[in-house]
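Accompanying notes for the structure given below.
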Amino acid sequence: MKFTLAIIDTNIFVKSGCDFLGIKSKMLPALFETISEKGLTLLQSDIVDGEVKAHIRTSKLVEKFYRIDEAWKANEKLLEHYSIGKVSPVSKINLKEDLYQAYQAFYYEAIHLEYPDPKRVFDSYFALKPPFSEKKKDEFPDGFVLHSVQDYLEE
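The sequence shown begins at 1 in the working numbering and counts up by one.
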């Protein structure tokens, strides 16, 4: 069986710090390069897209980057004394937007998945069908994505 489609769960992005630019780790750029080299087509969901935006905002990479700006502002008088401008160079960079743009670029040619029928997702939830189970009752985003993939493959 030859695989032609790929969908990436958000936890892969979270575990790699949402570093779509490859600043601290080249893992995500390498993953997407491999997907491209293998001729796979990515499947994309608005649900994953929303999760990625939220995780970028709270990523350690973003958090640490913006601490530089806070430290710059806290030491403004000291920096002024040494004639090192008042404005932090960090304030000119929108790292969150740059990371999100890099993520979107990887999905430029992806197939967009439509939202599935919510009734099917809730039926799976109450029947404890994947991705739901007794231990994983809060998997609604994955439930919607999974059913979106099923709908796409049935078309």
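Just so it is clear, CB atoms sit at the ideal spot from N, CA and C, and this is done for glycine as well.
Local Cβ density within 10 Å of proline 116, reported as buried at 16 or more and exposed below that: In the sequence shown, counting from the first residue as 1, residue 116 sits at position 116. The residue in question, proline 116, is buried, as its Cβ has 16 or more Cβ neighbours within 10 Å.
Neighbour-count burial assignment, glycine 85, 16 or more Cβ in a 10 Å radius: The residue labelled residue 85 in the question sits at position 85 within the sequence shown. Answer is exposed; the Cβ neighbour count stays below 16.
Should the stretch 96-115 be regarded as contacting the stretch 52-59, the criterion being three or more beta carbon pairs within less than 8 Å? With the cut-off at 8 Å, the stretch 96-115 and the stretch 52-59 touch.
Near valine 14, which residues of its chain fall below 7 Å by C-beta distance, leaving aside the five closest residues on each side in sequence? Position 14 of the sequence shown, counted from the start, is the residue given in the question as residue 14. His55, listed in sequence order.
Over the uninterrupted beta strand (DSSP E) stretch that includes serine 45, give me the two end residues. Counting from one through the sequence shown, the residue named residue 45 turns up at place 45. Secondary structure note for serine 45: its beta strand (DSSP E) is the uninterrupted segment 41-45.
Between the stretch 58-74 and the stretch 1-21, do three or more beta carbon pairs fall short of 8 Å? They touch, by the three-pair rule.
Closest Cα partner of glutamate 154 within the set Glu114, Lys26, Ala127, Phe140: Counting from 1 along the sequence shown, the entry for residue 154 is found at position 154. With distances taken between Cα atoms, glutamate 154 lies closest to Glu114.
Can you tell me which of Thr41, Ile47, Leu28, Phe32 puts its alpha carbon nearest to the alpha carbon of leucine 146? Numbered from its first residue, the sequence shown carries residue 146 at position 146. The shortest Cα separation from leucine 146 among Thr41, Ile47, Leu28, Phe32 belongs to Ile47.
Could you work out which residue in Lys73, Leu128, Phe140, Ala110 is closest to threonine 4 when comparing CA atoms only? One-based indexing of the sequence shown puts residue 4 at position 4. Nearest of Lys73, Leu128, Phe140, Ala110 to threonine 4, Cα basis: Ala110.
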